[in-house]
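Chemist: Quick one: the structure is below, questions incoming.
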Amino acid sequence: MKDILRTLIALLISFVGTLLTFYVSLYVLLYLPVKDIYDCYMQDILTLRILFIDAVKIFLSATVGGAVWVVFDIVAGFFKVGGFPYLLFELRDMIWNKDSESVEK
Numbered sequence: 052m053k054d055i056l057r058t059l060i061a062l063l064i065s066f067v068g069t070l071l072t073f074y075v076s077l078y079v080l081l082y083l084p085v086k087d088i089y090d091c092y093m094q095d096i097l098t099l100r101i102l103f104i105d106a107v108k109i110f111l112s113a114t115v116g117g118a119v120w121v122v123f124d125i126v127a128g129f130f131k132v133g134g135f136p137y138l139l140f141e142l143r144d145m146i147w148n149k150d151s152e153s154v155e156k
């Protein structure tokens with residue numbers, strides 16, 4: 052049971068890391084800078100400084116997103132026992148043993 056809990060925690064951490072990666076790389080570092088460039092252009096206040104900073108954010112979006120994902124994957128690795136297939140096999144064995152115990156009684 053302890054192994055199943057550790058695997059579930061690892062899966063949860065990996066899932067949260069994936070969601071946070073999408074948020075950081077796609078929304079914060081890709082969508083918002085493009086929106087900022089567009090808004091500044093439409094208001095006629097676009098400067099070279101704004102354009103340069105937002106371009107750097109856009110170019111770094113994949114790198115930062117990958118770094119966030121790697122950090123969460125490393126943290127999840129401390130909890131992993133055998134991975135997701137291991138969890139399925141453990142759950143199957145628990146259900147199988149529970150059914151066989153009830154039949155024996």
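If you want the numbering used here, it's the 1-based position in the sequence shown plus 51. Note that CB positions come from ideal geometry on N, CA and C, so glycine has one too.
1) Leaving aside the five residues before and after ALA61 along the sequence, list all residues of the same chain whose C-beta is less than 7 Å from its C-beta, in chain order.
2) Between which two residues does the alpha helix (DSSP H) containing PHE66 stretch?
3) What does a CB cutoff of less than 8 Å around VAL67 pick up in its chain, not counting 5 residues either side in sequence?
4) Does the distance from the CB of ILE101 to the CB of ILE88 come in under 9 Å?
5) Could you give the distance in angstroms between the alpha-carbon of TRP120 and the alpha-carbon of THR72?
Modeler: This is what the structure holds:
1) Against the sequence shown, residue 61 aligns to sequence position 10. Excluding residues within five positions, the ones whose Cβ falls inside 7 Å are ALA127, PHE130, LYS131.
2) Within the sequence shown, numbered from 1, the residue matching residue 66 stands at position 15. That run of the alpha helix (DSSP H) goes 53-73.
3) Position 16 of the sequence shown, counted from the first residue, corresponds to residue 67. Closer than 8 Å at Cβ, skipping near neighbours: PHE123.
4) Taking the sequence shown and counting its residues from 1, one reaches residue 101 at position 50. Taking the sequence shown and counting its residues from 1, one reaches residue 88 at position 37. Cβ atoms of ILE101 and ILE88: closer than 9 Å.
5) Along the sequence shown, one-based indexing puts residue 120 at 69. Along the sequence shown, one-based indexing puts residue 72 at 21. Cα to Cα, TRP120 sits roughly 6 Å from THR72.
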